[in-house]
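Engineer:
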Amino acid sequence: MEDGLKPTGDTKLDQAIRQWLQYDRNPKTKSLVQDMVKDGSMEALKKCFSSRMEFGTAGLRAAMGPGISCMNDLTIIQTTQGFCRYLEQSFGNLKERGVVIGYDARAHPTSGGSSKRFASLAAAVFISRGVPAHLFSEITPTPFVPFTVSHLGLCAGIMVTASHNPKQDNGYKVYWENGAQIVSPHDSGISKAIEENLEPWPASWNTEEALKAALLKDPFLDVNTQYFQAIQKHCHHREINKKSEVKIVHTSVHGVGHTFVQSAFKAFDLHPPYPVEEQKDPDPEFPTVKYPNPEEGKGVLTLSFALAEREGASVVLANDPDADRLAIAEKQESGQWRVFSGNELGALLGWWMFHCWSEQNSDAAAVKNLYMLASTVSSKILRAVALKEGFHFEETLTGFKWMGNRAKDLLDQGKSVLFAFEEAIGYMCCNSVLDKDGVSAAAIAGEMISYLATKNKSLSQQLTTIFEEYGYHISKNSYFICHDQEVIRSLFERLRNFGGKKDAYPSECGRFSVSAVRDLTTGYDSNQPDKKAVENTTPSTIYYRRLDDPKMPLFAAVLHKFSLEMIPVLILL
19 MEDGLKPTGD TKLDQAIRQW LQYDRNPKTK SLVQDMVKDG SMEALKKCFS SRMEFGTAGL
79 RAAMGPGISC MNDLTIIQTT QGFCRYLEQS FGNLKERGVV IGYDARAHPT SGGSSKRFAS
139 LAAAVFISRG VPAHLFSEIT PTPFVPFTVS HLGLCAGIMV TASHNPKQDN GYKVYWENGA
199 QIVSPHDSGI SKAIEENLEP WPASWNTEEA LKAALLKDPF LDVNTQYFQA IQKHCHHREI
259 NKKSEVKIVH TSVHGVGHTF VQSAFKAFDL HPPYPVEEQK DPDPEFPTVK YPNPEEGKGV
319 LTLSFALAER EGASVVLAND PDADRLAIAE KQESGQWRVF SGNELGALLG WWMFHCWSEQ
379 NSDAAAVKNL YMLASTVSSK ILRAVALKEG FHFEETLTGF KWMGNRAKDL LDQGKSVLFA
439 FEEAIGYMCC NSVLDKDGVS AAAIAGEMIS YLATKNKSLS QQLTTIFEEY GYHISKNSYF
499 ICHDQEVIRS LFERLRNFGG KKDAYPSECG RFSVSAVRDL TTGYDSNQPD KKAVENTTPS
559 TIYYRRLDDP KMPLFAAVLH KFSLEMIPVL ILL
């Protein structure tokens, strides 16, 4: 092996290490690999080099560190070279239109990696091929990237972020020219192009020259203005906002959201929310939380609740670190804090968006052109609202990549897409961003809260009103963590071949019998005559779903038209 290093004894591993040391120019990651070889750290080496990160529809997400299985300078260059080649094959005018690149505040000093560094390398790759790169000069929320793709008519967008993942992780999220996340077959096409372009191009490492190039553009000032002008279209009660006495606390959980949520509230003439000082500035260490994910609930919101108590605030808003999601908590009459689930917030925001639309539209026929969307594992409350109010509701596969692309299809047909949501606290309230957006959702929620206050109603009371009007929709979600992809694969294979029988699914789950199985991965549905899966229409369902990240969720949901007392015990699973 080169650099005076002794072979490990594993031919395939030695080949991967040799190629890595040949390609890598980052002294920190190169040194980490050399030290592992010298120390004979076989397990660590195998973890770093056993398999390359898989590029999927969600892009990449992995720990920062050395090797082909981690996020680092070299894998970012390789990924971007493949993406660039794929875009060259897809767009004849790529060099006229260009791409946008955004990033959050994540950093990993040990390996020398950071979101800003990765974004600069991505820009260098595109510029080396004569492609304009619109690289934000400052950290931005994820929604700014899809907004910029649409606003500037670009071919694609890249956001370097790991969203709410643990601090050691980073990610590479990709948007297509329509402003939505990519779907198949783009993922496989990009993945193939990455494998064909692993050797760094001559100028790919040259960020210094790239950052001085004429092809480098900074869209920050323009987008920071245009975005807030766009979301103002969804401000319908400006006078109420100005007079509102509701006090709201906001936390960005050490992410990028603080400045942008403050600007969003200003755009709506809402009084600025009280920021949680310990968490308002970006910090890649996320020092005050175990996991920087507001979906975890009270554990992440402890400092927010303390500030709310001091200031007499009744509502807490929380964004995840890249500000594409939003959590809300409200103080109850008992003095306890209620953290709303994503499904509950979907019901509230969906009701509010339709309420405001109805105030603005007197033509009864216009509702037939109106659509709302939700993912298949999310509450069906909006379906119930749609059936009664006359608009359309559509269900998509899990993830905003599906909702964003479907929304774009509908918009291109002249339809109006008012709202979309998923249970994982993701909301699309403005179709100028075809993805979940926690910044616009925060301002729209602030206006809804202010409006309800004029009616002497809390969020909890309004949620009850919605359930009484459209039926009680109650859900219970849980998950467990597994970092081993082989274990995840074997778990699902066991479910599909239960009891050692091929293509046999479980017939019981605890004390409940399984009446039907719908497997969206294989396309199997036991309820259908031809056994082929179609869209779910049942009122009570349990779903399993596999994600690219280690979280393995379980979703249980039930509904009843009349009262909570009629809901079966399935909710408690």
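Numbering (our numbering), first residue to last: 19 to 591.
Backbone N, C-alpha and C fix where the C-beta goes; we use that ideal spot for every residue, glycine too.
How would you label E217, buried or exposed, when you count the other beta carbons within 10 angstroms and need 16 or more for buried?
Structural biologist: Under this definition E217 is an exposed residue.
Engineer: What is the C-beta distance between I35 and L63, in whole angstroms, given that I count them as a contact (C-beta under 8 Å)?
Structural biologist: I35 to L63, Cβ: 7 Å. Contact.
Engineer: Mapping the DSSP letters down to three states, classify C527 as helix, strand or coil.
Structural biologist: If DSSP states are grouped into helix, strand and coil, C527 belongs with the strands.
Engineer: Relative to the alpha-carbon of D53, which residue among K24, H373, C447 has its alpha-carbon at the smallest distance?
Structural biologist: Nearest option by C-alpha distance: K24.
Engineer: Would you call T555 buried or exposed, if buried means 16 or more other Cβ atoms sit within 10 Å of its Cβ?
Structural biologist: Low local confidence applies: a pLDDT of 38 at T555 is under 50, so the model's placement there is unreliable, and no value is given.
Engineer: Which residues mark the beginning and the end of the beta strand (DSSP E) in which A336 is found?
Structural biologist: Looking at the DSSP string, the run of the beta strand (DSSP E) that includes A336 is 333-337.
Engineer: For A383, is the classification buried or exposed, using 16 other Cβ atoms within 10 angstroms of its Cβ as the cut-off for buried?
Structural biologist: By the 10 Å Cβ count, A383 comes out exposed.
Engineer: Are L659 and I249 closer than 8 Å when you measure CB to CB?
Structural biologist: Examination of residue 659 is not possible in this model, given that the chain is present from 19 through 591 alone.
Engineer: Starting from the Cα of E348, find the closest Cα among Y104, L50, Q503, L481 and give me that residue.
Structural biologist: Comparing Cα-Cα distances from E348 to each of Y104, L50, Q503, L481, the minimum goes to L481.
Engineer: Report the residue from A180, E214, G120 whose alpha carbon sits nearest the alpha carbon of Y104.
Structural biologist: Comparing Cα-Cα distances from Y104 to each of A180, E214, G120, the minimum goes to E214.
Engineer: Would G422 pass as a contact of A341 if the rule is Cβ separation under 8 Å?
Structural biologist: Going by C-beta atoms, G422 is not nearer than 8 Å to A341.
Engineer: Using C-beta distances below 7 Å, list every residue in its chain close to Q244, excluding the 5 sequence neighbours before and after it, in chain order.
Structural biologist: The answer, listed in chain order, is H169.
Engineer: Could you say if the stretch 356-369 and the stretch 432-444 meet the contact criterion of at least three C-beta pairs nearer than 8 Å?
Structural biologist: Judged by Cβ distances under 8 Å, the stretch 356-369 makes contact with the stretch 432-444, as three or more pairs qualify.
Engineer: Could you spell out where the beta strand (DSSP E) holding T269 opens and where it closes?
Structural biologist: Looking at the DSSP string, the run of the beta strand (DSSP E) that includes T269 is 266-269.
Engineer: Anyone know if the C-beta pair for K65 and S87 falls short of 8 Å?
Structural biologist: Yes, Cβ-Cβ distance for K65 and S87 is below 8 Å.
Engineer: Assuming V55 and G275 make a contact with CB atoms under 8 Å, what is their CB distance in whole Å?
Structural biologist: Actually they do not touch by this definition, with Cβ atoms about 42 Å apart.
Engineer: Within this structure, are the beta carbons of P339 and S181 separated by less than 8 Å?
Structural biologist: In contact: P339 and S181 (Cβ atoms closer than 8 Å).
Engineer: Taking only three categories from DSSP, how would you classify S68?
Structural biologist: Three-state result, S68: coil.
Engineer: Given that a residue counts as buried once 16 or more other Cβ atoms are within 10 Å of its Cβ, and exposed if not, what is N337?
Structural biologist: With 16 or more Cβ atoms within 10 Å of its Cβ, N337 is classed as buried.
Engineer: For the beta strand (DSSP E) that Y488 lies in, which residues bound it at each end?
Structural biologist: It is not in any beta strand (DSSP E) - Y488 instead sits in the alpha helix (DSSP H) that spans 477-488.
Engineer: Which class does V294 belong to by DSSP, given the choice of helix, strand or coil?
Structural biologist: Coil at V294, not helix or strand.
Engineer: Given this structure, state the Cα-to-Cα distance separating D91 from I176, to the nearest angstrom.
Structural biologist: One C-alpha to the other measures close to 15 Å.
Engineer: Helix, strand or coil for R256? Go by DSSP, reduced to three states.
Structural biologist: Residue state, collapsed to three classes: helix.
Engineer: I'd like to know whether the C-beta atoms of A285 and F246 end up nearer to each other than 8 Å.
Structural biologist: Yes, the pair counts as a contact, with Cβ atoms nearer than the cut-off.
Engineer: In terms of residues, what are the limits of the beta strand (DSSP E) holding E413?
Structural biologist: Per DSSP, E413 belongs to the beta strand (DSSP E) from 410-414.
Engineer: Along the chain, which unbroken stretches of the beta strand (DSSP E) at least 3 residues long are found entirely within the stretch 42-111?
Structural biologist: Runs found: 78-81.
Engineer: Going by other Cβ atoms of all chains shown within 10 Å of its Cβ, with 16 needed for buried, is K594 buried or exposed?
Structural biologist: Residue 594 lies beyond the residue range present for the chain, which begins at 19 and ends at 591; the question has no answer from this structure.
Engineer: For P203, does the count of other Cβ atoms within 10 angstroms reach 16, so buried, or fall short, so exposed?
Structural biologist: Flag for P203 reads exposed.
Engineer: Less than 8 Å between the C-beta atoms of V333 and I467, yes or no?
Structural biologist: Yes, these two residues count as a Cβ contact at 8 Å.
Engineer: For a test of the three-state rule: what should DSSP assign to L303, helix, strand or coil?
Structural biologist: Looking at the sequence provided, one finds Glu at residue 303 rather than Leu. Here E303 sits in coil by DSSP.
Engineer: Kindly indicate which three-state DSSP category A347 falls into: helix, strand or coil?
Structural biologist: If DSSP states are grouped into helix, strand and coil, A347 belongs with the strands.
Engineer: Kindly give me the distance between the Cβ atoms of A460 and A282, rounded to whole angstroms, as I take these residues to be in contact under 8 Å.
Structural biologist: About 6 Å; that satisfies the 8 Å criterion.
Engineer: Could you name the residues that DSSP lists as bridge partners for L391?
Structural biologist: L391 is bridged to E412, A438.
Engineer: Could you tell me whether the Cβ atoms of V241 and L172 are closer together than 8 Å?
Structural biologist: The answer is no: Cβ separation not under 8 Å.
Engineer: Report all residues from its chain with a CB closer than 6 Å to the CB of A534; omit the five preceding and five following residues, and keep chain order.
Structural biologist: Contacts found: S544, N545.
Engineer: If you draw a straight line from the C-alpha of F516 to the C-alpha of Y193, how long is it?
Structural biologist: Each residue's alpha carbon lies about 38 Å from the other.
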